[in-house]
Amino acid sequence: MIEGMTAGVTVTSEDLFVPDPAGGPCDPLDDLLITLLIDRTRRARDHHAARCEAGLPARKLAWEYAMMKRYTARLGAHGADIARAVLALAHSESELPPAE
Numbered sequence: 026m027i028e029g030m031t032a033g034v035t036v037t038s039e040d041l042f043v044p045d046p047a048g049g050p051c052d053p054l055d056d057l058l059i060t061l062l063i064d065r066t067r068r069a070r071d072h073h074a075a076r077c078e079a080g081l082p083a084r085k086l087a088w089e090y091a092m093m094k095r096y097t098a099r100l101g102a103h104g105a106d107i108a109r110a111v112l113a114l115a116h117s118e119s120e121l122p123p124a125e
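Our numbering applies: residue 26 is where the sequence shown begins, and numbers increase by one.
Listed below in structure tokens is the structure:
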């Protein structure tokens, strides 16, 4: 048992991981971010495919480096981690959910 922030309220450790049925204040933003990441991934993959069809390298490293710099400049060290994750998603062959 864990003593809650409110006096006299006790919660179990399992309660800490149960989603709030009403949702959290960031849920709409998280959904939007996921939608945007899916769209960005599709666009990047299409761009890579078009470059390959044109006989060019699939990726232009200067663009990816510029992206890393933008994320890092705006979000600091965590921005670089986010940029790496976004690029990894674009470079992966994982299936994406259908567009909404």
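For each residue, glycine too, the CB sits at the ideal point set by N, CA and C.
- For D56, same chain residues with a beta-carbon under 7 Å away, outside a window of 5 residues either side, do not exist.
- Straight through space, the alpha carbons of G80 and C51 are spaced by roughly 43 Å.
- Excluding five sequence positions before and after R84, the CB atoms of its chain that fall closer than 7 Å to its own CB belong to H73, given in chain order.
- Between the segment 63 to 78 and the segment 90 to 100, the count of Cβ pairs shorter than 8 Å is below three; the stretches do not touch.
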